[in-house]
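Engineer:
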Ligand code: HEM
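Numbering (the numbering used here), first residue to last: 125 to 633.
#1: Please give the ranges of any alpha helix (DSSP H) in the segment 231 to 270, keeping only runs that are unbroken, at least 4 residues long and fully inside the region.
#2: Run the proximity test for residue 243: is its beta-carbon closer than 7 Å to any non-hydrogen atom belonging to ligand 1?
#3: For residue 631, which residues does DSSP report across the bridge?
#4: Taking buried to mean at least 16 other C-beta atoms within 10 Å of its own C-beta, is residue 347 buried or exposed?
#5: If residue 396 and residue 356 are in contact, beta carbons under 8 Å, what's the gap, nearest whole angstrom?
#6: Whose C-alpha, out of 463, 208, 312, 276, is nearest the C-alpha of residue 450?
#7: Where does residue 626 land, buried or exposed, given buried means 16+ other C-beta within 10 angstroms?
#8: Hey, how far is the Cα of residue 324 from the Cα of residue 202?
#9: Taking the alpha carbon of residue 368 as the point to measure from, which residue in 530, 577, 578 has its own alpha carbon closest?
#10: Return the CA-CA distance between residue 568 and residue 497, expressed in angstroms with no decimal places.
#11: Between the Cα of residue 631 and the Cα atoms of 554, 618, 603, 364, which residue gives the shortest distance?
#12: In angstroms with no decimal places, state the Cα-to-Cα distance between residue 616 and residue 488.
#13: Find out if the Cβ-Cβ distance for the pair residue 580, residue 274 is shorter than 8 Å.
#14: Please state if the CB of residue 233 and the CB of residue 653 are separated by a distance shorter than 8 Å.
#15: Relative to the C-alpha of residue 228, which candidate in 621, 583, 578, 605 has its C-alpha closest?
#16: Could you check whether the Cβ of residue 620 sits closer than 7 Å to any heavy atom belonging to ligand 1?
#17: Roughly how many angstroms separate the alpha carbons of residue 557 and residue 490, rounded to a whole number?
#18: State the Cα-Cα distance for the pair residue 622 and residue 614, rounded to the nearest angstrom.
#19: Report yes or no: do the segment 263 to 279 and the segment 396 to 413 share at least 3 C-beta pairs separated by less than 8 Å?
#20: Relative to the C-alpha of residue 509, which candidate in 206, 330, 574 has its C-alpha closest?
#21: Hey, would you say the C-beta of residue 526 is under 7 Å away from at least one heavy atom of ligand 1?
#22: What residue range is occupied by the uninterrupted alpha helix (DSSP H) comprising residue 417?
#23: Can you tell me the Cα-Cα spacing of residue 586 and residue 572, whole angstroms?
#24: So is the beta-carbon of residue 568 under 7 Å away from any non-hydrogen atom of ligand 1?
#25: Please determine whether the Cβ atom of residue 253 lies at a distance below 7 Å from any heavy atom of ligand 1.
#26: So, helix, strand or coil for residue 172, using DSSP?
#27: Could you check whether residue 481 and residue 433 sit closer than 8 Å to each other, using their CB atoms as the reference points?
#28: Quick check on residue 461: does DSSP put it in helix, strand or coil?
#29: Please go through the segment 292 to 380 and give each complete beta strand (DSSP E) segment of 3 or more residues, from N-terminal end onward.
#30: Within its chain, find whatever has a CB closer than 8 Å to the CB of residue 542; leave out the 5 residues flanking it on each side and keep chain order.
#31: Throw me the rounded Cβ distance for the residue 511 and residue 238 pair, which I believe falls under 8 Å.
#32: Quick one: residues in its chain with C-beta nearer than 7 Å to the C-beta of residue 135, no 5 flanking neighbours on either side, listed in chain order?
#33: Going by other Cβ atoms of all chains shown within 10 Å of its Cβ, with 16 needed for buried, is residue 386 buried or exposed?
#34: Quick one: what does DSSP say residue 206 is sitting in, helix, strand or coil?
#35: Assuming residue 222 is part of the alpha helix (DSSP H), what are its boundary residues?
#36: Please tell me whether residue 588 and residue 447 are closer than 8 Å, where the distance is taken between their beta carbons.
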């Protein structure tokens with residue numbers, strides 16, 4: 125009664141206290157309703173990791189590598205537990221079984237996304253395949269990206285672009301070696317630029333060296349375009365707005381955060397518009413370029429201009445980053461472990477003899493495939509699946525999961541689970557040599573996700589990465605530069621090596 129009186133007398137209270145009281149009341153009502161629903165389901169609640177009042181577990185997560193903290197907690201609380209990030213409840217999954225249950229069996233109750241403020245802006249409000257809910261937009265866009273770019277037939281049509289990528293990467297490393305044989309090479313610089321060129325060709329039908337961006341009144345060189353479309357966006361995606369954790373306070377402005385993210389968006393949109401202009405004119409004049417944009421434009425009745433721009437950007441950013449991450453880590457591991465490198469080299473010699481390794485050889489090179497999958501396992505480029513959101517009450521691992529819960533699938537945790545992987549901290553490709561070799565198999569680890577939302581670009585990533593690793597080991601012997609062995613820190617959203625790999629290469633005789 126006293127509480128009700130206070131609420132009725134709300135006008136007499138300062139605004140802040142009234143809001144806090146209102147939030148508290150809502151919280152009590154929500155907790156009560158949830159508890160009643162759970163009791164009627166007869167399932168226990170998910171065990172929770174103890175945290176502090178109001179902020180929950182936020183302070184324990186502040187070191188920006190949540191996948192590692194999540195895996196550590198799994199040792200104490202088991203493969204499924206709940207945490208609180210401010211006012212939000214999140215259930216974290218750390219084993220293949222519960223992850224599979226969430227991605228496959230219970231998918232119909234967990235098929236939406238809850239995006240942070242930054243991601244809402246940077247994905248144009250869920251206007252890309254990977255961040256959309258499971259709706260008509262998603263189904264149409266996924267069908268198109270597979271049929272035009274990432275599916276098996278489309279990948280056959282784009283073979284030429286991949287061959288050029290491999291040849292250019294080799295030639296540039298060879299050029300550096302000729303200039304200064306004793307100087308360490310920077311694989312990342314060369315390979316990322318080549319991946320970016322491939323992504324532009326597949327998406328827009330042509331590569332660029334520079335482009336005039338009308339809306340910003342300036343010319344952008346290719347490396348500046350890469351920065352605006354890829355690097356800035358990856359950085360923005362992990363920006364934290366404290367209001368994400370306290371949605372009832374979202375009315376309080378956070379101007380510096382909003383300005384920063386909006387500027388990234390404005391520049392990206394301006395650059396994408398400049399890139400799309402010419403291929404669009406080609407399409408309108410009836411000349412097709414065999415690219416994703418053609419395909420999107422022919423469905424212009426279904427998509428808005430903004431959606432077409434965002435979907436094109438998505439294909440560019442996704443091609444340019446994760447494949448680099450896994451390939452660079454694989455070359456680091458091979459340079460650090462000469463015995464594994466020798467074994468791969470001997471295999472390639474046996475299969476290819478004096479000829480260059482080609483995509484046709486991949487099915488005969490199980491050790492190369494094992495190196496790729498072991499690197500994906502140990503250095504998972506997507507350590508946590510973008511958060512899923514439970515939109516109707518469900519269950520996971522025998523626990524009750526109420527609607528409104530966020531789900532974090534910790535791929536890093538699944539790929540380092542001691543119950544599945546012997547000595548998971550070791551990099552040991554041999555663990556993948558048992559059983560039949562199928563170089564197209566995606567599910568050797570949890571790295572590509574699973575179920576309906578399994579990675580659409582897995583085939584491209586596997587082919588490019590395996591071909592690059594194979595060719596670079598066939599041509600050169602790789603040794604880590606001094607001091608490089610302990611350079612294992614990571615950065616950002618995709619577990620990228622913090623410092624680019626520095627390796628000394630020698631041509632094979
Ligand atoms: C080693 C490289 C890669 C890894 C480890 C990786 C990982 C993943 C993961 C874990 C997901 C699932 C997200 C979820 O379940 O919600 C995903 C989705 C996706 N990936 Fe990849 N990815 C890689 C490369 C690529 C490439 C090269 C492309 C395309 C150019 C791509 C395009 C996509 C798309 C479009 C989705 C969304 C699929 C859907 O929601 O149906 N990925 N990726």
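Ideal Cβ placement from N, Cα and C applies to all residues, glycine included. Note that this is a predicted model, so its numbers are computed, not measured.
Structural biologist: According to the data block:
#1: 241 to 246, 260 to 269
#2: no
#3: 600
#4: exposed
#5: Not really, about 13 Å apart at Cβ, beyond 8 Å.
#6: The option with the nearest alpha carbon to residue 450 is 312.
#7: buried
#8: If you take the alpha carbons of residue 324 and residue 202, they lie about 44 Å apart.
#9: 530
#10: Rounded to whole angstroms, residue 568 to residue 497 spans 7 Å at the Cα level.
#11: 603
#12: Rounded to whole angstroms, residue 616 to residue 488 spans 35 Å at the Cα level.
#13: yes
#14: This structure cannot speak to residue 653, because the chain is shown only from 125 to 633.
#15: 578
#16: No; taking the cut-off as 7 Å, the Cβ of residue 620 has no heavy atom of ligand 1 nearer than that.
#17: 7 Å
#18: 5 Å
#19: Counting Cβ pairs under 8 Å, fewer than three are found: no touch.
#20: 574
#21: no
#22: In the DSSP assignment, residue 417 falls within the alpha helix (DSSP H) that extends over 416 to 421.
#23: Looking at the two C-alpha atoms, the distance is approximately 11 Å.
#24: No, the Cβ of residue 568 stays beyond 7 Å of every heavy atom of ligand 1.
#25: yes
#26: strand
#27: Cβ distance not < 8 Å, so residue 433 and residue 481 don't count as in contact.
#28: coil
#29: 334 to 337, 342 to 345
#30: 548
#31: 6 Å
#32: Only weak support is given to the placement of residue 135: the predicted model assigns it a pLDDT of 44, under 50, and the question is left unresolved by the model.
#33: exposed
#34: strand
#35: Note, residue 222: alpha helix (DSSP H), 220 to 224.
#36: yes
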